[in-house]
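If you read the sequence shown in the working numbering, its first letter stands for residue 463, the second for the next number, and so on.
No residue lacks a Cβ here, since even glycine has one placed at the ideal position from N, Cα and C.
Below you'll find the structure, written out as structure tokens, and then a few comments.
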Amino acid sequence: MAGTAAGLALGVGTGAASAATGEPRRPRRGGSDVSLRWLGVAGWELAFDGRRILVDPYLSRQEYRVPGGSAIDPDRRLEPDSSTIETIVGRHLPEAPELMLVTHGHFDHLLDVPHLLNRRQWHGNSIRTLCGETSWHLLRAMGTQRKRVDECLVVSSGEVLRFPAGPTAQPPAYTVEVFRSLHSQYGNHGFFAPGTLTDPPRHVRTLGDMREGGTLAYQVTVGDRLRVMFLSGTANLAERELEGARPDVLVLGVSGHAAVHRYVERAMEVLGRPPVVVPSHHDDMLTSLLSPNLPDSISKDAVTALHATVHPYGAQVLDPRHLHAMPL
């Protein structure tokens, strides 16, 4: 059964057994002031204590298919939708984030980041962007303001960053840990637009110009209250990179893993049976966030399969609704 918001607030950290000990996890201190908002595809807002973090914020939802088919067309021109971006931001994300976390360089993760970083209304705010090298080069080539490029933090794996920075004897407001991950692998064992960049490309004009460049996962720890793992940008994982991580909430990509063996099961096991799992990247990527038909864009089959797979691990699944904040 899907968890209600109230049930989730009461249940985080209480119902799952530790992979190492088999004992129930100890409850963590209440995190009821922490919320998640699904922005569609793999986009999320994590909000707490007046702070906001955006993960893979992609709001344009442009046409990506080859004519007459369903595959991604690498030659289709990029078409960020500034009007839709501004409408959604005005209604749901009016306050500037402190951080943007980018999992990889594909269009449905990075395309709208330059527009958001360049927003006039957020010009006076510091916004740090954590991303891999390829994504950083793409941001530079896509017209991101120099101020924002200078605020980028190029990461790879293993970083544990404290925010705000300061003496280690003082507890931070939150930390971000970076993990190396892997892109989804489809039925043919490949994926769209692989490859990395070591310099900014001359032009970024088509979907195929936005290379994956290596995929990252992030764990945000809010004080001593709550750990939220964003294994959300794709549906694959580098299992050994995640050993020892124990998130209370796992935001998990659930589409495109036909060639990945025991993907969800391995995620649950290596992460110590997270008590709460939230599906990610499970809509059609096309239906406008302003459309009344938006709920129909969600893959109900993917959510049903996730429920069935994590139930034996004692986990609660929270089914997100587009643009609605969910208390954790």
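Query, Result
"Buried/exposed call for R673, threshold 16 Cβ in 10 Å", "buried"
"First and last residue of the uninterrupted beta strand (DSSP E) at W506", "G505 to F510"
"Own chain, CB closer than 7 Å to L623, minus 5 neighbours either side, in chain order", "T637 and V638"
"G552 - DSSP class collapsed to helix/strand/coil", "helix"
"Run of the alpha helix (DSSP H) containing A767, from where it starts to where it stops", "K762 to V772"
"For G706 and P662, the rounded distance between their alpha carbons", "35 Å"
"Chain-order list of residues whose beta-carbon lies under 8 Å from that of Y648 (same chain, five-residue window excluded)", "G718, A720 and A721"
"Cβ contact check for the stretch 747 to 766 and the stretch 720 to 734: 3 or more pairs under 8 Å", "no"
"Neighbour-count burial assignment, S759, 16 or more Cβ in a 10 Å radius", "buried"
"Per-residue burial, G552 [other beta carbons within 10 Å of its own, 16 or more giving buried]", "exposed"
"For T565 and L579, believed in contact at Cβ under 8 Å, the rounded distance", "Their Cβ separation, rounded to whole angstroms, is 16 Å, which puts L579 and T565 out of contact at 8 Å."
"Whether R610 touches P559 by CB criterion (7 Å)", "no"
"Through-space distance from V765 to E701, alpha-carbon basis", "22 Å"
"Reduced DSSP category for M788 - H, G, I as helix; E, B as strand; rest coil", "strand"
"Alpha-carbon spacing of R602 relative to Y775, whole angstroms", "43 Å"
"Beta-carbon proximity of F692 to V517, cut-off 7 Å", "yes"
"Of the listed residues Q607, D537 and D535, nearest to G586 (C-alpha basis)", "Q607"
"Check whether R689 and D710 have beta carbons under 7 Å apart", "yes"
"Cβ neighbours of A770 in the same chain (closer than 6 Å, five flanking residues each side left out)", "none"
"Distance CB(G594)-CB(L508) smaller than 7 Å", "no"
"Identified DSSP bridge partners for S497", "A509 and P789"
"Buried or exposed (CB count within 10 angstroms, at least 16 for buried), M788", "buried"
"DSSP three-state assignment for P741, whether helix, strand or coil", "strand"
"CA-to-CA distance, H773 to G676, given in whole angstroms", "31 Å"
"For G484, three-class secondary structure by DSSP", "Here the model assigns G484 a pLDDT of 44, short of 50, so the residue's position is not dependable, and the following value carries that caveat. Coil, per DSSP."
"Counterpart residues of Y680 in DSSP-defined beta bridges", "V640 and F692"
"Same chain, Cβ closer than 7 Å to P542, five either side skipped, listed in chain order", "S522, L573, D574 and H577"
"Residues near A482 in its chain [Cβ-Cβ closer than 8 Å; skip 5 each side]", "Because A482 sits at a pLDDT of 38, beneath the cut-off of 50, its placement in the model cannot be relied upon, and the point is left open."
"6 Å Cβ shell around E703 - same chain, five flanking residues per side excluded", "F641 and R642"
"Separation of T660 from H599, as counted between CA atoms", "7 Å"
"CB-CB length for R538 against T749, believed under 8 Å", "Contact doesn't hold; Cβ gap of about 18 Å is too wide."
"Nearest-angstrom Cα separation, counted from L615 out to Y520", "20 Å"
"Beta-carbon gap between V427 and L699 smaller than 7 Å", "It is not possible to answer for residue 427, since the shown part of the chain is limited to 463 through 790."
"Buried or exposed by the 16-neighbour rule on C-beta atoms within 10 Å, applied to A478", "Below a pLDDT of 50, predicted positions are generally treated as unreliable, and A478, at 38, falls in that range; the measurement from the model is reported next regardless. Buried, because 16 or more other Cβ atoms sit within 10 Å of the Cβ of A478."
"Outcome for G484 when other beta-carbon atoms lying within 10 angstroms are tallied against a minimum of 16", "Here G484 scores only 44 on pLDDT, less than 50, and its place in the model should not be relied on; the value that follows carries that caveat. G484 should be labelled exposed."
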